[in-house]
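Have a look at the structure below before the remarks.
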Amino acid sequence: MSQFTMPTRVFSGKEAFDEAVPYIASLGRRPLIVTGKHVGASQTMEYICERLEDSGLSPVIFDGITGEPTDVMIDDGVRAFRDNKSDFVIGVGGGSPLDSAKAISAMSVLEGSIADYNGRELNGEFPKIVAVATTAGTGSEVTKYSVITSVKDGIKMLLKGSVLPDIAVADPLFTMDCPKNVTAATGMDAFTHAVEAYTSIHAFPLSDVYALDAAEKIYKYLPQAYADGNDEEAREQMSLAALEAGFTINNSTVTIVHGMSRPIGALFHVPHGISNAMLITECLSYAAEGAVERFAVLGKALGAAGDDSTDEEAKDAFIECIRKLCRSVDIPTLREYGIDKDEFIAAIDKMAHDAIASGSPGNTIRDVSEEDIKRIYHRVIEA
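The sequence shown runs 5 to 387 under this note's numbering.
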């Protein structure tokens, strides 16, 4: 692979949003701002709307993304876009509003409901998309992917296509009031992105550069941001790392962890980043046997192994890094989270089927079967 894609413009660092406003204003006049209730009522939103209005725009807020997005929420957002005669979309928030903004843009043009496009690409000439991140983790601001739950089928649909944002903004000042639990969830999501992208069968040299740098930053700065949300350096470095990790998955994709995580989120309503973190050690321990040398590079990059370590030693050291990082941000086990063991086991067959059907496990550097996934689910619920 030689092609590396990203949004037309990416603004990062303190006060990045102010720099982006003139470019945002060139996209239209009546943006629909897609967000959730909390961010919709925040000072950050007041600031964003004031800057847009000062530039002659007339933004309308749709704050109907309550939790992880569903097809029902997307249908509501499309109605809001049409009713307000909006001409482009601005997603503001974490991964849920950003994913929703992409889906709403696409479905404002396409026929039917977003659920009709499971397994298909969202392609067409869609309204422009601006993605403004208020968390450091999902990377949705720089990817062509959108994850939406089908309420009827009880599955998380991984959608992609012509929904890569035109403008992405990662301003760490917008992440300063992010709660600890969200800091942990989104940070672990970004770490998973970086590691999966580096160990994907689609990895290539340019994506590797971003993946390794993101993994190093997150390993160092996520515990600091979690311990002290007012640590500006940690917040800034995490914001940058999330961008880098987003770049990598947009080009070399996610693998087994995400494939197995989505069914847990759909059926047991665990936040995406937390379900990733619950699975990451077992999943990557499995994957590592297919590419010891790649995981060894990660172990050395994170400083857990020296240059004189064997690949096997460095690989094992990296797996221990994962455990250490999860402990540092208080990631619970499935049962500590409150998931009933018997209910989880009863759902394993469906979850394994849905995981394979998503396509993500097929990107893993080691072959993954449905039976392999079932065994990993059993190990995780027994932890």
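Glycine included, every Cβ here is placed at the ideal spot set by N, Cα and C.
No experiment lies behind these values; they were computed from the predicted model shown.
Nearest residue (CA-CA) to residue i, options the options
i: residue 337; options: 53, 279 and 288; result: 279
i: residue 182; options: 116, 98, 29 and 133; result: 98
i: residue 38; options: 49, 118 and 105; result: 105
i: residue 305; options: 375, 295, 318 and 296; result: 318
i: residue 120; options: 250, 156, 149 and 89; result: 156
i: residue 356; options: 164, 270 and 187; result: 270
i: residue 20; options: 171, 212 and 346; result: 171
i: residue 141; options: 372, 250 and 382; result: 250
i: residue 227; options: 303, 330 and 67; result: 330
i: residue 295; options: 320, 378 and 138; result: 320
i: residue 145; options: 93, 353 and 7; result: 93
i: residue 129; options: 176, 135 and 109; result: 109
i: residue 158; options: 177, 123, 74 and 224; result: 74
i: residue 186; options: 167, 137 and 89; result: 137
i: residue 95; options: 70, 71 and 36; result: 36
i: residue 27; options: 60, 165 and 323; result: 60
Under the three-state DSSP convention, the category residue i falls into
i: residue 10; result: coil
i: residue 126; result: strand
i: residue 283; result: helix
i: residue 174; result: strand
i: residue 159; result: strand
i: residue 183; result: coil
i: residue 372; result: coil
i: residue 113; result: coil
i: residue 335; result: coil
i: residue 151; result: strand
i: residue 59; result: coil
i: residue 204; result: strand
i: residue 289; result: helix
i: residue 258; result: coil
i: residue 394; result: The structure shown does not extend to residue 394, since the chain is modelled only from 5 to 387, so the question has no answer here.
i: residue 139; result: coil
i: residue 308; result: coil
Enclosing alpha helix (DSSP H) for residue i [first to last residue]
i: residue 302; result: 296-305
i: residue 26; result: 20-29
i: residue 225; result: 209-231
i: residue 81; result: 75-87
i: residue 353; result: 345-362
i: residue 234; result: Element bounds for residue 234: n/a, residue is neither H nor E.
i: residue 43; result: 41-44
Bridge-paired residues (DSSP) for residue i
i: residue 133; result: 93
i: residue 36; result: 64 and 93
i: residue 165; result: 126
i: residue 272; result: Note: residue 272 sits in no beta bridge, so no partner.
i: residue 243; result: None, per the DSSP bridge assignment.
i: residue 313; result: Partner(s): none; residue 313 has no beta bridge.
i: residue 251; result: DSSP output for residue 251 lists no bridge partner at all.
i: residue 15; result: 173
Open item on the list: Count Cβ pairs between the segment 364-376 and the segment 255-273 that sit closer than 8 Å; are there 3 or more?
Closed with: yes
Task: Stretch pair the segment 35-46 + the segment 14-22: three plus CB contacts closer than 8 Å - done: no
Open item on the list: Under 8 Å, with one C-beta from each stretch per pair, do the segment 190-204 and the segment 288-301 reach the 3-pair mark?
Closed with: yes
Open item on the list: Count Cβ pairs between the segment 215-227 and the segment 236-245 that sit closer than 8 Å; are there 3 or more?
Closed with: yes
Open item on the list: Three or more C-beta pairs under 8 Å: does that hold for the segment 297-314 against the segment 342-362?
Closed with: no
TODO: Spell out a yes or no on whether the segment 47-54 and the segment 84-93 are touching, meaning 3 or more CB-CB pairs, one atom from each, closer than 8 Å.
DONE: no
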